[in-house]
Structure formats: C-alpha cells, structure tokens
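Each step along the sequence shown adds one to the number in the numbering used here, with nothing skipped, and position 107 is 639.
Glycine is no exception: its CB is placed at the ideal position from the N, C-alpha and C atoms.
Here the structure is laid out as structure tokens; the discussion comes afterwards.
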Amino acid sequence: MRIIGIDYGERRIGVAVSDETGTWARPLTVIVRKNRKTDMEALKTVVNDQGAQKIVVGLPLRLDGTEGMQCEKVRRFAARLERCLERPVVFWDETLSTAEAEERMALLDVRGRERKAEVDRLAAAVILQDFLDAAGKRAGDVEER
Numbered sequence: 533m534r535i536i537g538i539d540y541g542e543r544r545i546g547v548a549v550s551d552e553t554g555t556w557a558r559p560l561t562v563i564v565r566k567n568r569k570t571d572m573e574a575l576k577t578v579v580n581d582q583g584a585q586k587i588v589v590g591l592p593l594r595l596d597g598t599e600g601m602q603c604e605k606v607r608r609f610a611a612r613l614e615r616c617l618e619r620p621v622v623f624w625d626e627t628l629s630t631a632e633a634e635e636r637m638a639l640l641d642v643r644g645r646e647r648k649a650e651v652d653r654l655a656a657a658v659i660l661q662d663f664l665d666a667a668g669k670r671a672g673d674v675e676e677r
C-alpha cells in the first residue's frame, strides 16, 4: 500500500511517498501554497498520480508532547484533506523532523533557494519514514500518535 507523507507549512507543503510495500519513504515534491482550493487540487493530483491509499500528516507537537496553536491549524488542514481526498488521514509526531532534514541537507552541502524546497520534501520523508519504521511492514496497522 502506497502512503503519502505531508509536512504542512504556512508557505509550502512538503510531500513524500512510500514504496508499494510500505517500507521506504522518499521525498517527492513541494507544493508552494496559494490558496485552499489550489493547494487541495495539487495534493489530490499527487495522491491520485501515486495511487496512495493513506496520508500521514506531521503533527508539530511541542517538545513536552503538548499541542500548540500550529497543531490546530494542521488538524483543520487534515480534516479538509480527508474530505477532499476521501482517504484516511492519520497524524504522526513530527517533532524535530525539520531539524533532522536540515542536518541531512548540511551533510549533502545543499545551499540557498534549493535548500528551502528540499528541506520541506525531506522533512515529509522523515515523518513518513518514522511512521513506516514504527509500523514495520504492517503500516496499515499503526495507531495515530
């Protein structure tokens, strides 16, 4: 089962996709946000093109595990996404996923404008890979966290 991972941001949405077995995640694309309708149409196209059956959305919990104002925005976005795509959407703790993506980019020596977009794609892959790792090969059985 193919799964899409999403790193939701105010300006960009990072997107990653799993392999068919639900074992590996890879960065896919970045959607530059315009408005709700355009954003949803772009995500729908990506999900349909990839044949994804589930969406994992990163939930930006605080380091102490509590939810802040950004979590509320992400939850509203995910509710719209689930209605639009008619596929299950689950949340996964994305704490430090962007920091991990930034660290990987530094190791690869990627700089400038290219780095901003690449970090969002890579953060989505980090979120999705964490979800897949927790699930083992039974990605469909993982509970939301």
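For A574, the uninterrupted alpha helix (DSSP H) segment begins and ends at 568 to 582. Partner residues in a beta bridge of R543, as assigned by DSSP, do not exist. Contact annotation: V578 and I536 have beta-carbon atoms nearer than 8 Å. Closest in alpha carbon position to T627, among A610, V589, Q582, is V589.
When only Cα atoms are considered, G546 and G597 end up about 22 Å apart.
DSSP places L613 inside the alpha helix (DSSP H), whose first and last residues are 601 to 617.
Contact between the region 559 to 577 and the region 600 to 620 is present: 3 or more CB-CB pairs across the two stretches fall below 8 Å. The straight-line gap separating the alpha-carbon atoms of G583 and K569 is approximately 21 Å.
A548 is bridged by DSSP to G537, P559.
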